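All remarks here apply to the structure that follows.
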Amino acid sequence: MPRISEKIESVQTRLANASNESEKPLLLAVSKTRSVPDIREASFCGLKNFGENYLQEALPKIAELQDLDLIWHFIGSIQSNKTAEIAQHFDWVHTVDREKIARRLSENRPENLNPLNLLIQINIDAEDSKSGVAPDQIASLAEVISHYPRLKLRGLMAIPRPRDTFDAQLKICQKVKNHFDRLQQQYPEIDTLSLGMSADLEAAVQAGSSLVRIGTDIFGPRLK
Ligand SMILES: *Cc1c(COP(=O)(O)O)cnc(C)c1O
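Here the working numbering is used: the first residue of the sequence shown is 852, the next is one more, and so on.
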């Protein structure tokens, strides 16, 4: 199996090939289930942004890796009793899909930290199993978030259901991008579309993703 460094190099090449060099998307390493030494290795290869899904798993890892000055993104579903710890220990939250969560994150964001960077998750395929707002709810949730001083709305996040062909992946990713463009007309300062995983990286980037969330193709298959 190739080492993490070779895998990262290969993902970076794919990103460069799929985008125009001037606007290469940010690579977020999804480190759920991965060990502290594996995250350290990815960091030594130049990665700074890491994503975690489960708070109880993430907190000890964040504490152990404090010396590296990493940027932590919460990308899992949010229970409202976990908002305080998320607001204290993360720099970004990708999975905000209701007012109550936004309010609690704002109330719990410590004053000595920058405003918490937020993305609204949209349920682009209207799947019962997935979190996220319906597209027609984006504007009202964005409006609420924009009034909280401890939050900074940065854009949208989506997890399209897997598709077999590049064309089908591209089509749904373009749909997400259209929602992003519409929101950006209202909030010109938003700059982040979190879209694309190991299996649909190229389609997402071609559609205009600015941040891809990659686990498997950096660290190998997940065993848990
Ligand atoms: C696990 C996960 C990823 C990474 O998926 P891979 O297919 O391993 O690249 C990306 N985004 C979210 C929200 C995830 O939960």
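Ideal placement from N, C-alpha and C gives every residue a C-beta, glycine not left out.
Model, not experiment: these values are computed from the prediction.
Tell me residue i's beta-bridge partners as DSSP assigns them.
i	result
Lys1026	Per DSSP, none; premise fails for Lys1026.
Glu903	Phe925
Under DSSP, the beta strand (DSSP E) around residue i begins and ends at which residues?
i	result
Arg854	From DSSP, Arg854 is part of no beta strand (DSSP E); its letter is neither H nor E.
Arg1005	Leu1002 to Ala1009
Ile1065	Leu1062 to Ile1065
Leu1052	Not the beta strand (DSSP E): Leu1052 falls in the alpha helix (DSSP H), residues Leu1052 to Ala1058.
Ser1045	Thr1043 to Ser1045
Along the chain, where does the alpha helix (DSSP H) that runs through residue i open and close?
i	result
Leu877	Note, Leu877: premise wrong, no alpha helix (DSSP H); beta strand (DSSP E) at Leu877 to Val881.
Ser931	That residue, Ser931, is in no alpha helix (DSSP H); it is neither H nor E in DSSP.
Asp1015	Note, Asp1015: premise wrong, no alpha helix (DSSP H); not H, not E.
Glu892	Val887 to Phe895
Would you mind giving the Cβ-Cβ distance between residue i and residue j, rounded to the nearest angstrom? I have them listed as a contact below 8 angstroms.
i	j	result
Phe901	Ser882	5 angstroms
Ile929	Ile952	5 angstroms
Gly1006	Thr1043	4 angstroms
Pro986	His1030	5 angstroms
Ser894	Leu877	Contact doesn't hold; Cβ gap of about 15 angstroms is too wide.
Leu1077	Ile859	Because residue 1077 is not part of the residues shown, which for the chain are 852 to 1075, the question remains open.
Leu910	Leu956	In fact, because the Cβ distance is near 16 angstroms, the residues do not count as touching under 8 angstroms.
Leu1062	Leu906	About 21 angstroms; that fails the 8 angstroms criterion.
Ile1041	Leu1004	6 angstroms
Q | Ordered list of alpha helix (DSSP H) runs contained in the region 935–992, each at least 4 residues | A | 950–959
Q) Using 8 angstroms as the Cβ pair cut-off and three pairs as the minimum, do the region 1020–1036 and the region 1052–1069 touch? A) Enough Cβ pairs lie closer than 8 angstroms, so yes.
Q) Three or more beta-carbon pairs under 8 angstroms between the region 1030–1037 and the region 1064–1074, yes or no? A) no
Q: Decide if the region 864–878 is in contact with the region 932–940; the criterion is three or more beta carbon pairs, one per stretch, under 8 angstroms apart.
A: no
Q: Could you tell me whether the region 965–976 touches the region 989–1003, using the rule of 3 or more Cβ pairs below 8 angstroms?
A: yes
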